[in-house]
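*Asks:* Before I ask anything, here is the structure I am working with.
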Amino acid sequence: MNFFSDPITFIGNWLGNLLVSIGISQQAATVIITFIAAGVVGMFGFSLVIFTIWLERKLYARIQDRIGPNRVGPWGIFQTFPDMIKIFTKEYITPIGVDKVAYNLAPILSVSAVLLIWAVMPFAKTIVGTDVNVGVLYLVAMGGIGALGIILAGWSSNNKYSLLGAFRAVAQIVSYEVPMVLALLIPVLLGRTMGVNSLVNAQSVWFIIMSPIAAFIFFTSSIAETGRAPFDLLEAESEIVAGYQTEYSGLKFGMFYVGEFLHAFTISALTAALFLGGWRGPFAEQIPILGVAYFFIKAFIVYFFVALIRISMPRLRIDQMLNFNWKFLTPLALVLLIATAVVDKAFYLVIPGLNISAGLLPWARAAVHLGVNLIIVLVTVQILKSHHISTVKIVGKPRPVAVAPEPPASVIS
Amino acid sequence: MAAEQIIFILVAAVTLGAAISVVTSRNLIHSALWLILALFGVAIFYVLLDAGFFAVIQVIIYIGAIAILFIFAAMLTRRVMQETGPQSNSTWWLGALIAVLLFAGIALIFVNWQGFTTTASDLTNPGGRIVQLGLALVSPDQYLLPFELASILLVAAMIGAIYVAGEKKQ
Numbered sequence: 001m002n003f004f005s006d007p008i009t010f011i012g013n014w015l016g017n018l019l020v021s022i023g024i025s026q027q028a029a030t031v032i033i034t035f036i037a038a039g040v041v042g043m044f045g046f047s048l049v050i051f052t053i054w055l056e057r058k059l060y061a062r063i064q065d066r067i068g069p070n071r072v073g074p075w076g077i078f079q080t081f082p083d084m085i086k087i088f089t090k091e092y093i094t095p096i097g098v099d100k101v102a103y104n105l106a107p108i109l110s111v112s113a114v115l116l117i118w119a120v121m122p123f124a125k126t127i128v129g130t131d132v133n134v135g136v137l138y139l140v141a142m143g144g145i146g147a148l149g150i151i152l153a154g155w156s157s158n159n160k161y162s163l164l165g166a167f168r169a170v171a172q173i174v175s176y177e178v179p180m181v182l183a184l185l186i187p188v189l190l191g192r193t194m195g196v197n198s199l200v201n202a203q204s205v206w207f208i209i210m211s212p213i214a215a216f217i218f219f220t221s222s223i224a225e226t227g228r229a230p231f232d233l234l235e236a237e238s239e240i241v242a243g244y245q246t247e248y249s250g251l252k253f254g255m256f257y258v259g260e261f262l263h264a265f266t267i268s269a270l271t272a273a274l275f276l277g278g279w280r281g282p283f284a285e286q287i288p289i290l291g292v293a294y295f296f297i298k299a300f301i302v303y304f305f306v307a308l309i310r311i312s313m314p315r316l317r318i319d320q321m322l323n324f325n326w327k328f329l330t331p332l333a334l335v336l337l338i339a340t341a342v343v344d345k346a347f348y349l350v351i352p353g354l355n356i357s358a359g360l361l362p363w364a365r366a367a368v369h370l371g372v373n374l375i376i377v378l379v380t381v382q383i384l385k386s387h388h389i390s391t392v393k394i395v396g397k398p399r400p401v402a403v404a405p406e407p408p409a410s411v412i413s
Numbered sequence: 414m415a416a417e418q419i420i421f422i423l424v425a426a427v428t429l430g431a432a433i434s435v436v437t438s439r440n441l442i443h444s445a446l447w448l449i450l451a452l453f454g455v456a457i458f459y460v461l462l463d464a465g466f467f468a469v470i471q472v473i474i475y476i477g478a479i480a481i482l483f484i485f486a487a488m489l490t491r492r493v494m495q496e497t498g499p500q501s502n503s504t505w506w507l508g509a510l511i512a513v514l515l516f517a518g519i520a521l522i523f524v525n526w527q528g529f530t531t532t533a534s535d536l537t538n539p540g541g542r543i544v545q546l547g548l549a550l551v552s553p554d555q556y557l558l559p560f561e562l563a564s565i566l567l568v569a570a571m572i573g574a575i576y577v578a579g580e581k582k583q
């Protein structure tokens, strides 16, 4: 184990030895290093946001045929820093009648809920915050805390539009947790473990190959959880001002903003870890630093799609959003879960009689699961086709829009 | 005093304080917030007991689902921003009586319980506990029947909710 192949573990060991050599007990040294590591992971998440905000603004601009940030630094890459300084200097405006505790707690909760997810993020085989054996459930729990932050923000602002945003947040985030949890069960089933790093370890064949539908459901419902376009009903500007964050200003608004961008990158990284093999790649087992590179390449590829979807999709209506969840994603996830469980069990019952070599076994399993997924896709498409809307259904007569009265004759002449 | 004991005492104090605030707070949403803190304290107890699975489940079910439902229901009531009404009604003595009796009963059981003085044996097989739990829930000679009964109860509640909320077709 040397510095170049695994710098994080190397520095950790070096620091631990240093602390022990100056007379701190082994236990205390472990605690100190854990705190330092937690701080580093948190700071890393925030620094990443500085980059992703620039990246997304640039992508946004290119798609809208603009140049985007281009003044500060090469390609405007340092644009976020002046913006950050500006938001630090802004005034905090606390409206009359807000619930002070909840109002100030909400931005902290919604950022920390996202940041806490990074505790279980596997950057490489050896570089992982903590591999709790219930990591997947931990992700779901943190999602719940994020929802809490948004609801508190909406309620405590003492503003109708904020409250409407919070109602929509409950309708959206809590509902989309259902297909997300069901989709998360598929990797757990296939990998026989709930730890996030163990799941990456188990992906000798990427789970997106074994179960593309689960990857799709997880990806879609995660985007809904972030509350970004096309699921940005919680802050729909054209309808409810800015939703739950209407009354926030200065750094408190900045917290929501950072939380949203960090969440967008976090779900990309999670998709990469759970379905795209995380840090797995050539030589990643021997040289952990390569695994970090693979992980971030995969995460940024997914993030590109997240940004692309945000930029190019119109906002859904609230009934479309709920129908899509309850009538499409949830039944699909349930069917997929049952099918995957049955097929996986059956595969291991049948396989001893078929005499397949051990090297081919994961690929045979993947092929079976892929086949089941394709059958489910075909059936779903057929069912959707039989329900397609052939004509526009007229639900009511068009009512006349207000017509301006004829101006009096004196005005015309 | 070991570090674990210090953490336990701190968390216990916070949990109890939050639990008292749930009933003394005059604002419904503040009560719900204190409840979340108390439930979080319970989750930390699970962590201290080396039961990570239950800690996470506690956060998902109680904070992620039940507390959010509480807050949501409270948000729909009128004048939620104000501190309204007296905190107790005319039958407060009945509630107090039941609470005292319940506390006395629990205390009576705990006084005669040997668990405080004996040291629990370490749990074996830390990695496989979730597997054991899962198998216990679906094996017929252990907890299959209670598990299925709870499921039926939940399904019944769900059907009831859908029936009450659904549109009436004339």
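These protein sequence lines map, in sequence, to chains H and Z.
Quick note: the first sequence uses this note's numbering, first residue 1, plus one each step.
Quick note: the second sequence uses this note's numbering, first residue 414, plus one each step.
Note that CB positions come from ideal geometry on N, CA and C, so glycine has one too.
Helix, strand or coil for V241(H) per DSSP?
*Replies:* Three-state result, V241(H): coil.
*Asks:* Measure the Cβ-Cβ separation of V544(Z) and V134(H) and say whether it is below 7 Å.
*Replies:* In this structure, V134(H) does not lie closer than 7 Å to V544(Z) by Cβ.
*Asks:* Going straight from the alpha carbon of G143(H) to that of L349(H), what length do you get?
*Replies:* Rounded to whole angstroms, G143(H) to L349(H) spans 37 Å at the Cα level.
*Asks:* I'd like to know if G144(H) contacts chain Z, where contact means its C-beta is closer than 7 Å to some C-beta of that chain.
*Replies:* Chain Z, which has a Cβ nearer than 7 Å to the Cβ of G144(H), makes this yes.
*Asks:* How about the segment 106 to 119 of chain H and the segment 275 to 284 of chain H: do they share at least three Cβ pairs that are nearer than 8 Å?
*Replies:* Judged by Cβ distances under 8 Å, the segment 106 to 119 of chain H makes no contact with the segment 275 to 284 of chain H, as fewer than three pairs qualify.
*Asks:* Where does V128(H) sit, in a helix, a strand or coil, going by DSSP?
*Replies:* The answer is strand: DSSP assigns V128(H) an E or B state.
*Asks:* Answer yes or no: does any C-beta atom of chain Z fall closer than 7 Å to that of I297(H)?
*Replies:* So no, I297(H) is outside the interface.
*Asks:* Taking any Cβ of chain Z, which residues in the segment 140 to 172 of chain H have a Cβ under 9 Å from it, in chain order?
*Replies:* Here the close residues are V140, A141, M142, G143, G144, I145, A147, L148, I151, L152, G154, W155, S156, N158, L163, A166, F167, V170.
*Asks:* Identify the contact partners of F421(Z) in chain H, using a Cβ-Cβ distance below 8 Å as the criterion.
*Replies:* Chain H residues near F421(Z): none, gap ~16 Å exceeds 8 Å.
*Asks:* L137(H) touches chain Z at which residues, Cβ-Cβ below 8 Å?
*Replies:* Ordered by position in chain Z, the residues that pass the 8 Å Cβ test against L137(H) are F466, V469, I470, I473.
*Asks:* Going by DSSP, what residue range makes up the alpha helix (DSSP H) through G454(Z)?
*Replies:* Where G454(Z) is concerned, the enclosing alpha helix (DSSP H) stretches over 441 to 461.
*Asks:* Taking the alpha helix (DSSP H) that N323(H) belongs to, which residues open and close that run?
*Replies:* Unbroken alpha helix (DSSP H) run through N323(H): 318 to 323.
*Asks:* Determine, for F560(Z), whether the minimum Cβ-Cβ distance to residues of chain H falls below 7 Å.
*Replies:* Closer than 7 Å: no.
*Asks:* Output the boundary residues of the alpha helix (DSSP H) element that contains V174(H).
*Replies:* Taken as a continuous stretch (DSSP letters only), V174(H) belongs to no alpha helix (DSSP H), as it is neither H nor E.
*Asks:* In the structure shown, what three-state DSSP assignment does P187(H) receive?
*Replies:* P187(H) falls in the helix class under three-state DSSP.
*Asks:* Are M343(H) and V372(H) close, meaning C-beta to C-beta below 7 Å?
*Replies:* Residue identity differs from the one stated: residue 343(H) is Val in this sequence, not Met. For V343(H) and V372(H), yes; Cβs fall inside 7 Å.
*Asks:* So is V134(H) in contact with chain Z if we call contact Cβ pairs under 7 Å?
*Replies:* True, the Cβ-Cβ gap to chain Z drops below 7 Å.
*Asks:* Output, in sequence order along the chain, the residues in the segment 178 to 204 of chain H whose CB is closer than 8 Å to any CB in chain Z.
*Replies:* The segment 178 to 204 of chain H vs chain Z, Cβ under 8 Å: M194.
*Asks:* Interface residues of chain Z around V174(H) at Cβ under 9 Å?
*Replies:* Within chain Z, the residues near V174(H) are G477, A478, I481, L482, F485.
*Asks:* Flag this pair as yes or no: are the beta carbons of T94(H) and N159(H) separated by less than 7 Å?
*Replies:* Cβ atoms of T94(H) and N159(H): not closer than 7 Å.
*Asks:* What residue range is occupied by the uninterrupted alpha helix (DSSP H) comprising A37(H)?
*Replies:* Looking at the DSSP string, the run of the alpha helix (DSSP H) that includes A37(H) is 26 to 63.
*Asks:* Step through the CB atoms of chain H and report whether any lies within less than 7 Å of the CB of M488(Z).
*Replies:* True, the Cβ-Cβ gap to chain H drops below 7 Å.
*Asks:* Whose CA, out of G254(H), R315(H), E91(H), A272(H), lies closest to the CA of D232(H)?
*Replies:* The shortest Cα separation from D232(H) among G254(H), R315(H), E91(H), A272(H) belongs to R315(H).
*Asks:* Buried or exposed: where does W14(H) fall if 16 or more other Cβ atoms within 10 Å of its Cβ makes it buried?
*Replies:* Per the 10 Å Cβ criterion, exposed.
*Asks:* Go ahead and label F523(Z) buried or exposed: buried means 16 or more other beta carbons lie within 10 angstroms of its beta carbon, across all protein chains shown.
*Replies:* Burial call: exposed.
*Asks:* For the candidate residues S162(H), Q27(H), N17(H), whose alpha-carbon lies nearest to that of I240(H)?
*Replies:* Ranking S162(H), Q27(H), N17(H) by Cα distance to I240(H) puts S162(H) first.
*Asks:* Give the residues from the segment 14 to 39 of chain H that approach chain Z closer than 7 Å (Cβ to any Cβ), ordered along the chain.
*Replies:* The residues in question: there are none.
*Asks:* If I follow the unbroken alpha helix (DSSP H) through V401(H), where does it start and stop?
*Replies:* Here V401(H) belongs to no alpha helix (DSSP H), and DSSP marks it neither H nor E.
*Asks:* Determine the contact status of F218(H) and L190(H), defining contact as a CB-CB distance below 7 Å.
*Replies:* Against a cut-off of 7 Å, the Cβ pair of L190(H) and F218(H) comes out as no contact.
*Asks:* Given 6 Å as the limit, tell me if P230(H) has its C-beta closer than that to any heavy atom belonging to the ligand MG.
*Replies:* As for the ligand MG, it is missing from this structure, which has no ligand bound.
*Asks:* Should the segment 284 to 298 of chain H be called in touch with the segment 209 to 216 of chain H, which here means at least 3 C-beta pairs below 8 Å?
*Replies:* Touching, no.
*Asks:* Given this structure, state the Cα-to-Cα distance separating H263(H) from G76(H), to the nearest angstrom.
*Replies:* C-alpha separation (whole angstroms): 23 Å.
*Asks:* If you draw a straight line from the C-alpha of Q471(Z) to the C-alpha of P74(H), how long is it?
*Replies:* Using only the alpha carbons, I get a separation of about 49 Å.
*Asks:* So what does DSSP say about P122(H), is it helix, strand or coil?
*Replies:* Three-state result, P122(H): strand.
*Asks:* Report the rounded CA-to-CA distance for A432(Z) versus I422(Z), giving the unit in angstroms.
*Replies:* Their backbone Cα atoms lie some 15 Å apart in a straight line.
*Asks:* Tell me the rounded alpha-carbon separation between A215(H) and V302(H).
*Replies:* Each residue's Cα considered, the two are about 11 Å apart.
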